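These notes are about the structure you will find just below.
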Amino acid sequence: MQVHEISVQQLLEQLQADPDKGLSEAEAARRLSHYGPNQLQAGRKKSLWQRFVEQFKDLMIIILIAAALISFMVAFYEGADYFEPILILLIVAINAVMGVVQEGKAEQALEALQEISSPQARVIRDERESIIPAAELVPGDIIKVEAGDYIPADARIIEESSLKVEEAVLTGESVPSEKDAQAQVDANAPLGDRFNMFYAGCSVSYGTAKAVVTATGMMTEMGKIAHLLESEREVATPLQQKLHHLGKYLGLLALGVCLIIFIIGLVSGMKLMEIFMIAVALAVSAIPEGLPAIVTIVLAIGVQRMARRNAIVRKLSAVETLGSASVICSDKTGTLTKNQMTLVKVYAEDAELVEDIHSNNSPAIRKVLQYATLCSEGTVELEGNREIHIGDPTETSIVSAALKNGLVRDELNLKFPRLAQLPFDSDRKLMTTVNDIDGKMLVIVKGAFDVLAARCTAGDLEAARKYNDEFSQRALRVLGLAYKEISLLPPEPNSQTLENDLSFLGLLAMIDPPRP
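Basically the numbering used here = 1-based index in the sequence shown + 396.
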């Protein structure tokens, strides 16, 4: 049976794992020697010499080398200079060097991309929680994850708290998947529907969880993809096929010319060596020695232009294939789009105002951004001029928009401390916080507009509904925001006591923008 369809207890018994004590260090070491390190196996890397030799496998190049050798023979026999054969070999060498350099750059870029895997993991062993290199994880290990963590291995969730996992790298879904440790999952459920599992290479956008590792290294779902890529058979591109056919026809043409010259020479009574030299000279002149260099230069220019748009091309000959494509079937999220939700429009009910997000929004819009940021868990860190988004993409888009207006989440949380919260869940479709704002106890609620509107007793809901429909028609994802003031915090805050009799405040519209 699949690890996602059996009960957690059955799986723990099967893996001989204790959710509280974890594995012993001795048992973990034994399993590590059996299963191997938790790493994706890199394919056998070709040496610089191997990559250089591969540039000479093309039939056209082989014909040029043969032509250069024959030209050397002709020059030696006639006592002429060696300019032409040296020029041909120089062209071939430049062509090979350009190919090696481009493939080397592509390999380096791909190796950098492979460093996405988590370097460390929080694990329970011998009843103690510790941080170890992710490569040392083994099936049966008990791990813990929280918002912002990369998931180090495939694992079955034992317990969780409001857990959401960003699985775009595997499923293409831009919206984080809500996880449930108690979910009953069918044996044939696709990856995106296995709500009691999370997978290596994905990241936690919200909440916390404890899980038992079920697969490591090449046995993970990411490892299976890596294995498929390794075993893929290399197929010649259309350009390579055409150059191969051209080389074959030119070779046959050269042989045909040589044969005709031989026949004519023999009939005319010429000497055999003289006939041979004339035939060879005509055959060499029929070969366009500049063609491979011209093709390589044109393709290299195409590669450089694509590199400026962050497109990595491993082989020069693939550029022509990309250029001649008439239909492209592609995943949307993260391929055609940035895979980064961006807040683009805000509606403020107080001022009946809609604005695009920029660095100097009006006070009414800034108030909506401030309240929405206080009711968010996502964080945005600055690395130079680059923003690093940690947490739920919807929330980080709000925090980022607030940051553009000088509203820093950490500073807001210090100035207006959070007194209580009700985490988001898929049943309520709401998240609520209680904050002390200028001496007043305010309940801030954000979530799906239709659900939120039903809990509001103040505010122009008709105008809000009109803008909600307008934003939705533009393919924007819309969240509503509302608030109320309370005089006393309930002993046990819940949805009934906090999420009713609200005043509508505004709308936040966001999108996963297309790549430039």
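Virtual Cβ for every residue (Gly too), placed ideally from N, Cα, C.
Small disclaimer: the values here were computed from a predicted structure and weren't measured.
- Query: How big is the Cα-Cα spacing for SER513 and LYS620?
  - Reply: Bear in mind that the predicted position of SER513 carries a pLDDT of just 46, short of 50, making it unreliable; the figure below should be weighed with that in mind. So the alpha carbons of these two residues sit roughly 15 angstroms apart.
- Message: Below 8 angstroms, how does it come out for the stretch 570-581 and the stretch 518-531: are there three or more Cβ pairs, yes or no?
- Response: Contact check between the stretch 570-581 and the stretch 518-531: fewer than three CB pairs, one atom from each, fall below 8 angstroms, which does not count as touching.
- To the nearest whole angstrom, what separates the beta carbons of LEU436 and VAL534, a pair I think is in contact under 8 angstroms? Wrong, their Cβ atoms sit about 16 angstroms apart, outside the cutoff.
- Task: Spatial neighbours of GLY613 within its chain, please: CB distance less than 8 angstroms, with the 5 preceding and 5 following residues excluded, ordered by chain position.
- Result: Excluding residues within five positions, the ones whose Cβ falls inside 8 angstroms are TYR431, GLY432, PRO433, ASN434, GLN435, LEU436, GLN437 and GLY619.
- Task: Could you give the DSSP three-state label for SER513: helix, strand or coil?
- Result: Legend: pLDDT at SER513 = 46, less than 50; position of this residue unreliable, value from coordinates given subsequently. In this structure, SER513 counts as coil in the three-state DSSP scheme.
- Give the straight-line distance between the Cα atoms of GLY665 and ILE671, rounded to the nearest whole angstrom. Going by C-alpha positions, GLY665 is about 10 angstroms away from ILE671.
- Thinking just about the alpha-carbon of each residue, which of HIS400, GLN817 and SER758 is nearest to the one in LYS800? When each option's Cα is compared against that of LYS800, the closest is SER758.
- For ALA492, I'd like the list of residues in its chain whose CB is within less than 7 angstroms of its CB, leaving aside the five on either flank, ordered along the chain. Around ALA492: PHE448, GLN451 and PHE452.
- Message: Does ASP589 come out as helix, strand or coil in the three-state DSSP assignment?
- Response: Three-state result, ASP589: helix.
- Task: Find out if the Cβ-Cβ distance for the pair ASP522, SER420 is shorter than 7 angstroms.
- Result: ASP522 places its beta carbon less than 7 angstroms from that of SER420.
- TYR473, buried or exposed, once every other Cβ within 10 Å from all chains shown has been counted against 16: By the Cβ-count criterion, TYR473 is exposed, with fewer than 16 other Cβ atoms from all chains shown falling within 10 Å of its own Cβ.
- Between which two residues does the alpha helix (DSSP H) containing GLN406 stretch? For GLN406, the enclosing alpha helix (DSSP H) has its first and last residue at 404-411.
- Based on Cα-Cα distance, which residue from ALA564, HIS623, LYS880 and MET456 lies nearest to TYR645? Residue nearest to TYR645 within the set ALA564, HIS623, LYS880 and MET456 is MET456 (criterion: CA-CA distance).
- Would you call the CB atoms of ILE539 and VAL519 closer than 7 angstroms? Yes.
- Message: Do GLY876 and LEU848 count as a contact pair if the criterion is CB distance below 7 angstroms?
- Response: Less than 7 angstroms separates the beta-carbon of LEU848 from that of GLY876.
- Item | Alpha carbon of VAL404 to alpha carbon of ARG552, nearest angstrom | Those two C-alpha atoms are separated by around 8 angstroms.
- Task: Use the C-beta contact count for GLN766: other C-beta atoms within 10 angstroms, 16 or more gives buried, fewer gives exposed.
- Result: By the 10 Å Cβ count, GLN766 comes out buried.
- Are there 16 or more other CB atoms within 10 angstroms of the CB of ARG911, so buried, or fewer, so exposed? By the 10 Å Cβ count, ARG911 comes out exposed.
- Task: Would you kindly work out how many angstroms separate the C-alpha atoms of LEU901 and ARG851, rounded to a whole number?
- Result: Rounded to the nearest angstrom, the two C-alpha atoms are 13 angstroms apart.
- Query: Between which two residues does the alpha helix (DSSP H) carrying PHE845 extend?
  - Reply: 845-849 is the span of the alpha helix (DSSP H), which, as asked, contains PHE845.
- Message: I'd like to know whether the C-beta atoms of ASP550 and TYR595 end up nearer to each other than 7 angstroms.
- Response: Yes, these two residues count as a Cβ contact at 7 angstroms.
- Item | Helix, strand or coil at ASP832 [DSSP, three-state] | ASP832: strand per DSSP, three-state reduction.
- Item | Where the alpha helix (DSSP H) through GLU450 begins and ends | Taken as a continuous stretch (DSSP letters only), the alpha helix (DSSP H) holding GLU450 covers 444-450.
- Report the partner residues of ALA878 according to the DSSP bridge assignment. BP columns for ALA878 point to VAL841 and PHE900.
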